[in-house]
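See below for the structure under consideration.
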Ligand code: NDP
Ligand code: MG
Ligand code: MG
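Numbering (my numbering), first residue to last: 101 to 432.
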């Protein structure tokens with residue numbers, strides 16, 4: 101079972117005694133910078149000159165300097181820029197400014213796990229990854245609560261890296277909810293697998309295939325949209341609240357029976373074999389290398405996929421239907 105840590109396990113004074121640089125001020129960056137600052141840590145934000153995020157950070161009373169200046173000033177450096185550019189930001193701004201005993205922090209393990217960033221042996225390398233989008237992390241903190249986080253240490257140069265990471269997590273409010281210990285390898289591989297096989301890739305493909313099946317059989321796209329996409333939220337909300345059990349308690353017995361007999365005909369042994377192949381390609385670095393190469397090439401295939409789905413009947417139908425539902429589409 102996972103090891104869990106709470107308020108009393110973490111010492112906030114550790115992070116309060118350090119100089120923290122938050123590189124990037126997006127979804128995670130703003131939540132980390134503001135909550136650590138409000139927890140009494142000495143925070144500066146690192147952004148490029150002309151960065152779109154600069155005004156938002158300054159408006160909140162944060163001191164904004166360049167990523168190089170932030171890394172030079174600080175002894176805890178959290179990298180919260182998009183994953184595919186982290187290696188470049190590290191090379192340009194952070195590596196030249198690292199001192200022995202500094203700590204390099206991440207919100208996701210991809211660049212360390214696959215070797216795109218290789219820190220020197222004399223710095224701590226830690227991860228603090230809240231299990232929620234940055235805006236929820238910040239809102240929970242402001243309400244005196246916290247979003248659970250996972251914490252990992254890849255390299256413990258000082259012998260105190262884990263205590264530092266727990267202290268950082270406490271500064272985000274995460275120890276109020278609970279912090280789970282993991283490794284960079286486990287976090288990175290399960291995160292990539294979950295989003296590809298189930299959350300984003302698996303779900304999007306399932307919804308599209310179901311919608312297409314109904315439309316190709318002559319049913320109206322609007323009806324197919326409701327059955328295969330819109331209602332998914334109601335089902336997922338029930339699972340989120342009480343697992344499969346609550347979902348099955350809430351739906352009709354007919355739906356529950358169909359769940360048992362049809363689910364395994366859709367997600368078959370072949371699907372699971374494909375999932376194992378996907379996991380293997382994540383583990384051996386194939387996925388990460390392909391993705392970084394695609395990013396560096398200017399995202400040609402990414403844009404192709406994106407455009408193809410934008411024109412899909414599922415999407416054009418949904419755009420019209422959501423306008424009928426003011427509680428879904430606030431522009432309606
Ligand atoms: P965002 O895309 O929201 O934020 C990007 C930020 O980085 C912006 O402030 C952007 O500035 C800045 N930036 C871009 N390029 C540079 C650069 N060269 N130098 C300095 N700053 C730059 O990122 P996320 O918050 O989504 O992701 C950050 C990390 O957190 C990633 O490792 C991600 O995997 C992880 N994570 C994200 C979660 C989430 O909820 N989104 C959840 C858990 C982990 P500008 O305004 O100028 O573009
Ligand atoms: Mg992810
Ligand atoms: Mg129905």
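Cβ coordinates follow ideal geometry from the N, Cα and C atoms, glycine included.
| Item | Value |
| --- | --- |
| Out of curiosity, what's the CA-to-CA distance linking residue 249 and residue 227? | 10 Å |
| Going by beta carbon distance, what residues of the same chain come within less than 8 Å of residue 381, once the five residues before and after it are set aside? | 387 |
| Using three-state DSSP, classify residue 218 as helix, strand or coil. | coil |
| Is it buried or exposed, residue 141, if we count other Cβ atoms within 10 angstroms and call 16 or more buried? | buried |
| Between which two residues does the alpha helix (DSSP H) containing residue 314 stretch? | 301-316 |
| Say yes only if the C-beta of residue 233 is nearer than 8 Å to one or more non-hydrogen atoms of ligand 1, and no if none qualify. | yes |
| Does the beta carbon of residue 406 sit closer than 9 Å to a beta carbon anywhere in chain D? | Of the protein chains in the structure, only one exists, and it is not chain D. |
| Taking 9 Å as the cut-off, decide whether the C-beta atoms of residue 280 and residue 251 are in contact. | yes |
| Check whether the segment 210-218 touches the segment 229-243, counting contact only when three or more Cβ pairs, one atom from each stretch, lie closer than 8 Å. | no |
| Between 109, 101 and 416, which has its C-alpha nearest residue 274's C-alpha? | 109 |
| Let me check you understand the geometry: is the CB of residue 208 closer than 8 Å to at least one non-hydrogen atom of ligand 4? | Ligand 4 is absent from the structure shown, which contains only ligand 1, ligand 2 and ligand 3. |
| Under a criterion of Cβ closer than 6 Å to any non-hydrogen atom of ligand 2, which residues qualify, in chain order? | 291 and 295 |
| Alpha carbon to alpha carbon, how far is residue 224 from residue 283? | 14 Å |
| Going by DSSP, what residue range makes up the alpha helix (DSSP H) through residue 255? | Residue 255 -> not in any alpha helix (DSSP H); beta strand (DSSP E) instead, spanning 249-255. |
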